[in-house]
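Below is one structure, written out as structure tokens; the observations come after it.
Protein chains in written order, with my numbering: chain F, 1 to 103; chain D, 1001 to 1265; chain L, 2001 to 2152.
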């Protein structure tokens, strides 16, 4: 069970800046643990951002996105009260979706 | 222009296309500025807030009755007055040792077992989240450790001696790295902790999220790693020696604003 | 370039390859592009994405630090005022797997994104922008890494 994302969405001009912090190990699959065993790759593969339910941004990620990823983007034509939903899927098939209201 | 807000938010240091090589110090400053927004420590802060309020342990109690020095349940402002003396335990305690006290007395969790748990695991991970939450509540406030009691003043003196105590195979002491201005290890500047190093530096920058390992380090872990780097045996978790160091450094940092939880290499 | 693009769009097999690579615009969630994410080196990634060698462009504004204290977390950002850019891909030339991520922009967002990547060593980092009609442009920056951030 993954930890919640931190989503900050603030009105800026006629749009909104959205900043997302995700909690995820983003293991490269190259690291060895203390016993010398390779830690298998475990990372987010897909991300989508939706404004009021409609996808506005999506991404495919590999292992070279940093651990506990931070992403920032700007939504056009958004106002306070609109909902931003961020979702991710990882290579284990785990998913997570969190929502925030634009302030 | 729509590009400007995004860049403005990101670029606090160097502006536009860099023409020539900036100095290393400028480069590091720019790197840190680009990371200033969006500290993953916030993930720990959120978890810590939930843990503070959650009924847990055999006692089925939350930590909301825990006294961190300003009265039961008062979180804001507590961090910048720790370590301090507590009447109920009759000891000078730092934040982590105080959390052990409360987790045991209120929730019935085993303080000794938590102290023996490796950093980042099990209940230690929960302590790290609590430390992030509690320190965040004092962000920007100035350190003002009480020294009214004899016990607090004594711990300051003990801490000063521990700080200067040379030992281990390299004859290091904390002061070897943190006793002069202008010192650095590789690219990291070493603050002089014998004087007030300023806002958000040294004592005022821990707990912190460490980018290199993607973990939240409390002061106990920071000190533990300092001991490791000096090739000393590991200190006891939340032991008097570590609390004394906290008193010494905290009193030296009086008036400096806390930036905890900060973001570090 | 023009000829190749015509040839590519005419060829059903190649079009399917591009569609599978998720490069064609206005696509719902496509399958994760394993080949691209496992490719090593810029050329291999471009090949796996089905795009030709891009042209350097000052219209792609790419922000990255000169030095990263730790390669485990390197903050980067790319934006452009050019119309029609649908995707931006970030490539780290010297990483064991060069492609870090591909962002796809709808008309409802600005064509700009900031993220954080891992770098194994000092390397060129590229922001490659792909327009809806197949034009490919890039900006790059060398980021010095003092401590690698990919493995143990």
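Each residue gets a CB set at the ideal place from its N, CA and C atoms; glycine is no exception.
These numbers were taken from a predicted model, which means no experiment stands behind them.
Exercise for review: Give me the Cα-Cα distance between residue 2097/L and residue 1034/D, rounded to the nearest whole angstrom.
Suggested key: 24 Å
Review point. So, using beta-carbon positions, are residue 1061/D and residue 1073/D closer together than 8 Å?
Key: no
Exercise for review: Could you check what DSSP says for residue 1237/D in three-state terms: helix, strand or coil?
Suggested key: coil
Review point. Sorted by chain position, which residues of the same chain lie with C-beta nearer than 6 Å to residue 1086/D's C-beta, five sequence neighbours on each side aside?
Key: 1093
Practice item. Report yes or no: is there a C-beta of chain D within less than 8 Å of the C-beta of residue 68/F? Key: yes
Practice item. Using a cut-off of 9 Å between C-beta atoms, extract the partners of residue 57/F located in chain L. Key: 2103, 2104, 2105, 2106, 2108, 2109, 2113
Point to revise | Presumed contact (8 Å Cβ cut-off) between residue 1232/D and residue 1136/D, rounded CB distance | key: Actually they are not in contact, since the Cβ atoms of residue 1232/D and residue 1136/D sit about 30 Å apart, beyond 8 Å.
Exercise for review: Assign residue 23/F to one of two classes, buried (16 or more other C-beta atoms within 10 Å of its C-beta) or exposed (fewer than that).
Suggested key: buried
Practice item. Would you list, in sequence order, the uninterrupted beta strand (DSSP E) runs of no fewer than 3 residues that lie entirely inside the segment 1083-1132 of chain D? Key: 1084-1086, 1091-1093
**Study point:** Of the residues 1123/D, 1139/D, 1076/D, 1183/D, the one placed nearest residue 1096/D, counting alpha carbons only
**Key:** 1123/D
Review point. Which whole-angstrom value describes the C-beta separation of residue 2071/L and residue 2120/L, a residue pair presumed to lie in contact below a C-beta threshold of 8 Å?
Key: 6 Å
Review point. To which residues of the same chain is residue 1212/D closer than 7 Å at the C-beta, ignoring the five residues directly before and after it?
Key: 1265
Review point. Does any residue of chain L bring its CB to less than 8 Å from the CB of residue 51/F?
Key: yes
Check your understanding: Taking the continuous beta strand (DSSP E) assigned at residue 2032/L, which residues delimit it?
Key -> Careful: residue 2032/L lies outside any beta strand (DSSP E) and carries neither H nor E.
Exercise for review: Report buried or exposed for residue 2023/L, applying the criterion of at least 16 other Cβ atoms within 10 angstroms of its Cβ.
Suggested key: Residue placement at residue 2023/L is flagged as unreliable, the pLDDT there being 46, under the threshold of 50; the coordinate-derived value follows with that caveat. Burial call: buried.
Practice item. For residue 4/F, return the contacting residues in chain D, with the cut-off set at a CB-CB distance below 7 Å. Key: 1046
Point to revise | Beta-carbon neighbours of residue 19/F, restricted to chain D and to distances below 8 Å | key: 1037, 1038
Exercise for review: Report the residue from 2095/L, 2078/L, 2102/L whose alpha carbon sits nearest the alpha carbon of residue 2087/L.
Suggested key: 2102/L
Check your understanding: Is the distance from the Cβ of residue 1216/D to the Cβ of residue 68/F below 8 Å?
Key -> no
Check your understanding: Hey, residue 48/F and residue 87/F: beta-carbon distance below 8 Å or not?
Key -> yes
Check your understanding: Looking only at C-alpha atoms, which of 1138/D, 1140/D, 1156/D sits nearest to residue 1146/D?
Key -> 1156/D
Check your understanding: Is there a Cβ from chain F that is less than 8 Å from the Cβ of residue 2117/L?
Key -> yes
Review point. For residue 1029/D, which of 1133/D, 1069/D, 1187/D, 1102/D has the nearest alpha-carbon?
Key: 1187/D
Review point. What residues from chain D crowd round residue 2068/L, counting only those whose CB sits closer than 7 Å?
Key: 1031
Practice item. Could you list the residues in the segment 1212-1228 of chain D with a C-beta less than 8 Å from some C-beta on chain F, going in chain order? Key: 1214
Review point. Looking at C-alpha atoms only, which residue of 1179/D, 1068/D, 1149/D is the closest neighbour of residue 1269/D?
Key: This structure gives no information on residue 1269/D, because the portion of chain D shown stretches from 1001 to 1265.
Practice item. Examine chain L for any beta-carbon lying closer than 8 Å to the beta-carbon of residue 46/F, and answer yes or no. Key: yes
**Study point:** Any 3 or more C-beta pairs closer than 8 Å across the segment 2105-2117 of chain L and the segment 2073-2081 of chain L
**Key:** yes
**Study point:** Identified DSSP bridge partners for residue 2124/L
**Key:** 2142/L
**Study point:** Proximity test, Cβ basis, 8 Å: residue 1043/D and chain C
**Key:** The displayed structure is made up of protein chains F, D and L, and chain C is not among them.
Point to revise | Neighbour flag for residue 2127/L against chain D, beta carbons, 8 Å | key: no
Check your understanding: Straight-line CA distance for residue 1110/D to residue 1052/D?
Key -> 17 Å
Review point. Could you check where the alpha helix (DSSP H) with residue 1028/D kicks off and where it finishes?
Key: 1024-1035
**Study point:** Contacting residues, own chain, Cβ-Cβ under 7 Å from residue 1016/D (five flanking each side not counted)
**Key:** Legend: pLDDT at residue 1016/D = 46, less than 50; position of this residue unreliable, value from coordinates given subsequently. Closer than 7 Å at Cβ, skipping near neighbours: no residue.
Exercise for review: Let me know the alpha helix (DSSP H) ranges lying completely inside the segment 36-76 of chain F, each 4 residues or longer, listed in chain order.
Suggested key: none
Exercise for review: Return helix, strand or coil for residue 103/F, following the three-state DSSP convention.
Suggested key: coil
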